[in-house]
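Notes to accompany the following structure.
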Amino acid sequence: MLGSVDSCVLAGLQVRPIHVEADIGAGEVKFSVVGLATTMVKEARERVKSAIRNSGLEFPGRSLTVNLAPAELRKSGSGLDLPIAVAIALARAHRPAPERTAFLGELSLDGAVRHVDGVLVAARGLRDLGYERVFVPVEDAAEAALVDGLEVIPCASLLSTVQHLLGAEAITPATHGALPAHAPGDVLDHDLREVHGQEEAKRALEVAAAGGHHLLMTGPPGAGKTMLARCLPGILPPLELAEAL
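Counting in the working numbering, the sequence shown runs from -18 upward without gaps.
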């Protein structure tokens, strides 16, 4: 029995797609992960096994081999937990891999899907690679949903994810939205209007902010360089979504 899904790992800001295959075969009971996995990924065996059992799903009682392709690419991070578990579940259910769909998430021992770093970068990269859908942890769904052209499925648990894939219980996709809006007073600790004196320096900040120019401040310690630099965000316009991404 063979099940497979897609995922990805990050190499700096580059997204490298990973094909996760799970093969359930005859032979002695063992669980192997191959494909140049780091120690962190190999530790996923215990997390995945406990998550599957504690989710009320059946863990294979036979030889289980998980392959992470391409084999020459070194894999790290805990984001491969969810795709490994889903590949195993699909193998047991004799279901094909969802097309143009990727999975990303860490699993806790009780089957909950936990936050992973780099979801926004991963989502943008997957979209650019032609993927149409990505399953991510619930707490990362809003971040991934900033990427246009990609359906984001928030995963609270392994069980709900598997049930969604098997058609038993649908998960509502995350709503695509803009960057969260904040009042200036909520996020800024320094206001240029409260700076007394330093007229030339304040004028330089205003010119740099208005024209998008570079700015270099020099002076002895205590002259106010750090304070003025912290005031600069308060006179800059809000970022457009494309700029923020």
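Built from N, CA and C at the ideal position, the CB exists for glycine as well.
Apply the 10 Å Cβ neighbour rule to ARG174 and answer buried if 16 or more other Cβ atoms are within range, or exposed otherwise. Residue 174 sits at position 193 when you count from the first residue of the sequence shown. Flag for ARG174 reads exposed.
Uninterrupted alpha helix (DSSP H) stretches inside the segment 35 to 96 (no shorter than 4 residues): 62 to 74
Beta-bridge pairing of LEU140 - partner residues as DSSP gives them: As a working note, residue 140 is residue 159 in the sequence shown. As DSSP reads the structure, LEU140 sits in no beta bridge.
The beta strand (DSSP E) with VAL115 in it runs from where to where? Translated into positions along the sequence shown, residue 115 becomes position 134. Residues 114 to 118.
Using only CA atoms, which one of ASP170, GLU132 and MET(-18) lies nearest to ALA83? By 1-based counting over the sequence shown, the position of residue 83 is 102. That would be GLU132, whose Cα lies nearest to the Cα of ALA83.
Selection from LEU61, HIS75 and SER141 that minimises the alpha carbon distance to THR20: Start at 1 with the first residue of the sequence shown, and residue 20 comes out as number 39. When each option's Cα is compared against that of THR20, the closest is LEU61.
Is the beta carbon of VAL270 sitting closer than 8 Å to the one on LEU220? What is shown of the chain runs -18 to 226, which leaves residue 270 out entirely.
Alpha-carbon to alpha-carbon, VAL10 and GLY42: Locating residue 42 in the sequence shown gives position 61, where the first residue counts as 1. Locating residue 10 in the sequence shown gives position 29, where the first residue counts as 1. Roughly 6 Å separates the two Cα atoms.
Within the same chain, show all residues whose beta-carbon is closer than 6 Å to that of ARG105, passing over the 5 residues directly before and after it, in chain order. Numbered from 1 along the sequence shown, position 124 holds the residue referred to as residue 105. Contacts found: VAL128.
Could you spell out where the beta strand (DSSP E) holding ASP227 opens and where it closes? A query on residue 227 cannot be resolved here, the shown segment of the chain reaching from -18 to 226 and no further.
Could you tell me the alpha carbon to alpha carbon distance between ALA189 and GLY(-7), rounded to whole angstroms? Walking along the sequence shown from the start, residue 189 turns up at place 208. Walking along the sequence shown from the start, residue -7 turns up at place 12. About 31 Å.
Paired residues, beta bridge with GLN13 - DSSP: Position 32 of the sequence shown, counting from 1, holds the residue named residue 13. The displayed chain sequence assigns Ser, not Gln, to residue 13. Looking at the DSSP assignment, SER13 forms a beta bridge with THR46.
Between LEU139 and ILE33, how many whole angstroms is the CB-CB distance? I'm expecting something under 8 Å. To locate residue 139, count along the sequence shown from 1; it is residue 158. To locate residue 33, count along the sequence shown from 1; it is residue 52. Indeed, because the Cβ distance is near 7 Å, the residues count as touching under 8 Å.
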